[in-house]
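Below: the structure, in structure tokens.
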Amino acid sequence: INDAEIKLKEAQEAFDNGLFNEASYHAYTGMVIGAKALLLAVDVACNTQAAILSDFDQHLVAEHGFQVPGGSIEQLALQIKMTKPTQAFAHQFIRQLVDFLDAVRSFRSKQVEQDLLAADKLVVDNYYKA
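The sequence shown runs 1 to 130 under this note's numbering.
Pasting the structure below:
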């Protein structure tokens with residue numbers, strides 16, 4: 001989740017510098033990284049970006065009731081392929097990443113609180129590098 005937050009900061013910095021294409025790409029990458037973080041938290045192995053997005057909708061949305069702003073992480077993230085990276089799009093896309101990461105943090109916090117054994121599921125950045 002921390003890596004996804006880094007991508008959010010990079011997206012915001014690129015946006016502030018007028019680099020809307022780069023800002024949109026960082027926002028997309030942040031969505032993929034955030035999705036991967038929760039897939040790992042529910043013990044779903046994941047590799048490619050396409051599989052991460054598909055698996056997220058299958059496992060987190062369908063099986064665990066995760067609420068993606070817009071209904072599907074795949075549809076949300078893949079807007080980048082269908083939309084020109086204008087200032088308006090980059091702003092909206094970054095805002096959607098913020099909302100998604102808020103939901104990711106909330107889901108993970110509840111998961112840790114509800115699972116007394118969750119301590120072994122915490123991903124410590126000294127031991128795990130994606």
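Note that CB positions come from ideal geometry on N, CA and C, so glycine has one too. The structure presented is a predicted model; accordingly, all values stated were derived computationally and were not measured.
Item                                                                                                                                                           : Value
DSSP three-state label for lysine 84, please.                                                                                                                  : coil
What runs of the beta strand (DSSP E), each 3 residues or longer, lie entirely inside the stretch 4-62?                                                        : none
Can you name, in chain order, every residue of its own chain whose Cβ lies under 7 Å from the Cβ of tyrosine 128, other than the five neighbours on each side? : Annotation note: pLDDT 48 at tyrosine 128 (below 50); position unreliable, no value reported.
Measuring only the C-alpha atoms, how far is aspartate 3 from cysteine 46?                                                                                     : 16 Å
Within 10 angstroms of its Cβ, does aspartate 43 collect 16 or more other Cβ (buried), or is it exposed?                                                       : exposed
Compare the beta carbon distance of phenylalanine 93 and isoleucine 80 with 8 Å and say whether it is the shorter of the two.                                  : yes
With C-beta atoms as the reference, is alanine 88 less than 8 Å away from serine 24?                                                                           : no
Curious, which full-length beta strand (DSSP E) runs of at least 3 residues does the stretch 65-110 contain?                                                   : none
Just to confirm, is the Cβ distance from leucine 53 to alanine 35 under 8 Å?                                                                                   : yes
Rounded to a whole number of angstroms, what is the C-alpha to C-alpha distance between glycine 30 and alanine 37?                                             : 10 Å
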